[in-house]
Each structure stands twice: as structure tokens, then as C-alpha cells.
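Engineer: Numbering (our numbering), first residue to last: -18 to 133.
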Amino acid sequence: MKTLANRGDLDAVISRLRSLRPDSPRQWGKMSAGEMVCHCIDAFHVSLGETKVGRVSKPLATTLLKWFVLYAPVHWPKNVPTGKKPAAPFRGVQPTDLKSDVAALEKTTHRFVLAKKENTMLEHPLFGPLTDAEWLRWGYLHLDHHLRQFSL
-18 MKTLANRGDL DAVISRLRSL RPDSPRQWGK MSAGEMVCHC IDAFHVSLGE TKVGRVSKPL
42 ATTLLKWFVL YAPVHWPKNV PTGKKPAAPF RGVQPTDLKS DVAALEKTTH RFVLAKKENT
102 MLEHPLFGPL TDAEWLRWGY LHLDHHLRQF SL
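#1: May I ask you to report which of helix, strand or coil DSSP gives glycine 109?
#2: Which word fits tryptophan 116, buried or exposed, when buried means at least 16 other C-beta atoms lie within 10 angstroms of its C-beta?
#3: Could you compute how far the alpha carbon of proline 67 sits from the alpha carbon of histidine 105?
#4: I need the straight-line Cα distance from threonine 89 to cysteine 19, nearest angstrom please.
#5: I need the boundaries of the alpha helix (DSSP H) containing phenylalanine 25, first residue and last residue.
#6: Report yes or no: do the region 93 to 100 and the region 46 to 57 share at least 3 C-beta pairs separated by less than 8 Å?
#7: Take the Cβ of arginine 2 as the centre, count every other Cβ of all protein chains shown within 10 Å, and call the residue buried at 16 or more, exposed below.
#8: Beta-carbon of valine 74 versus every beta-carbon of chain C: anything under 8 Å?
#9: For the alpha helix (DSSP H) that contains lysine 88, what are its first and last residues?
#10: Tell me which same chain residues have a C-beta within less than 8 Å of the C-beta of valine 50, skipping the five on either side of it?
#11: What span of residues does the alpha helix (DSSP H) with alanine 53 cover, start to end?
#12: So, is methionine -18 buried or exposed, given that buried needs 16 or more other C-beta atoms within 10 angstroms?
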């Protein structure tokens, strides 16, 4: 099971991220490559407590949906709306130039992985409490989902 806790998985996802280009073909959704990168930064900012959002979880989200999202052997579905919170496009970090945005996401991803060791993570707005292992699994899956969105 791939996770950001595994150095090989982390290195592979960062390598894919570095391959992103402004003209990378979008396979689904409305975000540009730059907006997707900023969306991922925003999501990590929420998980690190740097961006405050309201909790929207419900009992099924903290049990059945959480299990499905983290452990089902399928890719996340395409075209699921981000919603108004926590990290919809243009609500947090704004795209600048893609090279700088990718460097910022790489740095934020590494901070996210290190924070796991310091127990500084908060509850997920939808899934509620996550263990360190679950957070690192979620981080990998979220990046993987959006990199696949751009054929990476």
C-alpha cells in the first residue's frame, strides 16, 4: 500500500510532480495544472493546521467512507467536487508560475511528512481523526489522484 511514509513512494510522487508542465493534458475536472498544485498545497495547509476550516464530517464519513478512500483497491473517482471548503481552487494559495508553485508543493509535502513525526496534525475535516499512518496514506492518495488528473 503506497504512502508518503515510504521514502520510495515519496520520491516517486515528487518525481511525477516535477514532470508537470503548464500544458500537461488534463484528463478530467476544471483546474489548470497551477490550480491543482495550489489545491494540493491548500489541502496540506489544512492538515497542518495552517488553514482553518469547519468540520463537515458525518458518521458514515468517519467510518465507511474513510475506509473506502484510504484502503479500497481502486483509484479515487474523477470529477468529485472539492466543495467550498477546505481547499477549493482560488480560495487559498493562488497560482503564480508553475515552477515556483511545484517547488512550494514539494516543500509543503516534505513539511507534511515531517509533521507526522511531531504529532502536529489535526483532524481531517471530512474523515475526522486520522492516525499518522492514515494521514500519510491520504497525502499519497491525494497527490496521486491529482497527478493522474494530468496524465502523470
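Every residue gets a Cβ at the ideal spot worked out from N, C-alpha and C, and that includes glycine.
Structural biologist: Concretely, from the data shown:
#1: By one-based count along the sequence shown, residue 109 stands at place 128. DSSP places glycine 109 in strand when its eight states are reduced to three.
#2: As a working mapping, residue 116 is identified with position 135 in the sequence shown. Result: buried.
#3: Along the sequence shown, one-based indexing puts residue 67 at 86. Along the sequence shown, one-based indexing puts residue 105 at 124. In this prediction, proline 67 scores a pLDDT of 44, lower than 50, which makes its location untrustworthy; the coordinate-derived value is nonetheless stated afterwards. Going by the C-alpha atoms only, they are around 10 Å apart.
#4: On the sequence shown, residue 89 is found 108 positions in, with the first residue counted as 1. On the sequence shown, residue 19 is found 38 positions in, with the first residue counted as 1. Going by the C-alpha atoms only, they are around 11 Å apart.
#5: Translated into positions along the sequence shown, residue 25 becomes position 44. Looking at the DSSP string, the run of the alpha helix (DSSP H) that includes phenylalanine 25 is 14 to 28.
#6: no
#7: By one-based count along the sequence shown, residue 2 stands at place 21. Counting Cβ neighbours within 10 Å, arginine 2 comes out exposed, since fewer than 16 surround it.
#8: The structure shown contains no chain C; it holds only a single protein chain.
#9: Position 107 of the sequence shown, counting from 1, holds the residue named residue 88. Taken as a continuous stretch (DSSP letters only), the alpha helix (DSSP H) holding lysine 88 covers 79 to 99.
#10: Counting from 1 along the sequence shown, the entry for residue 50 is found at position 69. Only Trp57, Phe108, Trp119 and Leu122 meet the Cβ criterion.
#11: Mapped onto the sequence shown, residue 53 falls at position 72. Per DSSP, alanine 53 belongs to no alpha helix (DSSP H) and is neither H nor E.
#12: Against the sequence shown, residue -18 aligns to sequence position 1. The residue in question, methionine -18, is exposed, as its Cβ has fewer than 16 Cβ neighbours within 10 Å.
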